[in-house]
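Residue numbers (this note's numbering), protein chains in the order written: chain A, 1 to 113; chain B, 114 to 225.
Structure record follows, encoded as structure tokens.
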């Protein structure tokens, strides 16, 4: 079974631009969570989607948004990029969420110049 | 949000020794905990989990201990190998809450 895939793997943007990241979960997994990882803040929860609905959200500004499609694939969008948005963005999928084991993708490395 | 921290940011051990990685969590209501391993260039990988109704759980070469009295979690790795070199994170959540809080991570260096 293929693992979680994320595209693109690397991205360079400039301040003020917007970006969309994509995540394809493991086949059969319906829950997708997004995390931001930085050296200073570690892994921080962004949001979790299940059956195309956002079930939970972390403490991030409204510039960060996401969605999930009927095939469970998910995208996250960051608008009006700031330098501090430079990070590794990780996606994790699980069967139903909750205490189901989360499987992480390799992440998208976003650099904002 | 909740705060999940680690006592030691970097741990160096000799190959073959046992490793102990510690984690303090802040939410006494958390009832589910996971340890993850993250190698360079990869996403975190599940190692072992434990629910709050247990105080110890063993896997292959790994043991997680939970002390709810002092809100402390530890990961023990037996006979540490070079392939164990990675950053280790603990995470906490309320069971079925769909939202995990991660610690800042401990880097484990295994010396040959």
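Each residue gets a CB set at the ideal place from its N, CA and C atoms; glycine is no exception.
Neighbour flag for residue i against chain B, beta carbons, 8 Å
| i | result |
| --- | --- |
| residue 75 (chain A) | no |
| residue 48 (chain A) | yes |
| residue 111 (chain A) | no |
| residue 66 (chain A) | no |
| residue 55 (chain A) | yes |
| residue 2 (chain A) | no |
| residue 101 (chain A) | yes |
| residue 128 (chain A) | Because chain A spans 1 through 113 in this model, residue 128 (chain A) falls outside it and cannot be assessed. |
| residue 28 (chain A) | no |
| residue 95 (chain A) | no |
| residue 84 (chain A) | no |
| residue 25 (chain A) | no |
8 Å Cβ cutoff, residue i in contact with chain A
| i | result |
| --- | --- |
| residue 157 (chain B) | yes |
| residue 212 (chain B) | yes |
| residue 217 (chain B) | yes |
| residue 116 (chain B) | Low local confidence applies: a pLDDT of 41 at residue 116 (chain B) is under 50, so the model's placement there is unreliable, with the coordinate-based value given in what follows. So, not an interface residue. |
| residue 291 (chain B) | Chain B is shown only over 114 to 225; residue 291 (chain B) falls outside these bounds and no answer can be derived. |
| residue 121 (chain B) | With a pLDDT of only 47 at residue 121 (chain B), under the threshold of 50, the placement of this residue in the model should not be trusted; the figure read from the coordinates follows. So, not an interface residue. |
| residue 202 (chain B) | yes |
Endpoints, beta strand (DSSP E) assigned at residue i
| i | result |
| --- | --- |
| residue 29 (chain A) | Element bounds for residue 29 (chain A): n/a, residue is neither H nor E. |
| residue 48 (chain A) | 42-50 |
| residue 151 (chain B) | 145-151 |
| residue 109 (chain A) | 108-112 |
| residue 10 (chain A) | 10-13 |
| residue 94 (chain A) | 87-94 |
| residue 137 (chain A) | Given that chain A is displayed from residue 1 to residue 113, the structure contains no residue 137 (chain A) and the question cannot be resolved. |
| residue 176 (chain B) | 175-180 |
| residue 198 (chain B) | Premise fails: residue 198 (chain B) is in no beta strand (DSSP E) and is neither H nor E. |
| residue 159 (chain B) | 158-164 |
| residue 224 (chain B) | 219-224 |
| residue 184 (chain B) | Run containing residue 184 (chain B): none; DSSP gives neither H nor E here. |
| residue 124 (chain B) | 123-127 |
| residue 7 (chain A) | 5-7 |
| residue 139 (chain B) | It is not in any beta strand (DSSP E) - residue 139 (chain B) carries neither H nor E in the DSSP assignment. |
Counted within 10 angstroms of its Cβ, other Cβ atoms place residue i as buried (16 or more) or exposed
| i | result |
| --- | --- |
| residue 28 (chain A) | exposed |
| residue 216 (chain B) | buried |
| residue 35 (chain A) | buried |
| residue 167 (chain B) | exposed |
| residue 133 (chain B) | exposed |
| residue 114 (chain A) | Residue coverage of chain A in this structure runs from 1 to 113, which leaves residue 114 (chain A) outside it and unanswerable. |
| residue 51 (chain A) | exposed |
| residue 150 (chain B) | buried |
| residue 212 (chain B) | buried |
| residue 82 (chain A) | exposed |
| residue 158 (chain B) | exposed |
| residue 130 (chain B) | exposed |
| residue 219 (chain B) | buried |
| residue 114 (chain A) | Given that chain A is displayed from residue 1 to residue 113, the structure contains no residue 114 (chain A) and the question cannot be resolved. |
| residue 192 (chain B) | exposed |
| residue 4 (chain A) | buried |
| residue 46 (chain A) | buried |
| residue 204 (chain B) | buried |
| residue 156 (chain B) | buried |
| residue 25 (chain A) | buried |
Closer than 7 Å: residue i CB and nearest the ligand ADP heavy atom
| i | result |
| --- | --- |
| residue 169 (chain B) | As presented, the structure is devoid of all ligands, the ligand ADP included, so that no description of it is given. |
Could you tell me which uninterrupted beta strand (DSSP E) segments, each at least 3 residues in length, are contained entirely in the segment 61-85 of chain A, listed from first to last along the chain? List check, beta strand (DSSP E) in window: 64-68 and 74-78.
Would you call the segment 130-150 of chain B in contact with the segment 64-83 of chain A, where contact means no fewer than 3 C-beta pairs closer than 8 Å? no
Counting pairs of beta carbons, one from the segment 38-56 of chain A and one from the segment 93-103 of chain A, are three or more of them closer than 8 Å? Three or more pairs of CB atoms, one per stretch, sit closer than 8 Å, so the segment 38-56 of chain A contacts the segment 93-103 of chain A.
Does the contact criterion of 3 or more C-beta pairs under 8 Å hold for the segment 13-21 of chain A versus the segment 74-88 of chain A? Per the Cβ contact rule, the segment 13-21 of chain A is in contact with the segment 74-88 of chain A (3 or more Cβ pairs under 8 Å).
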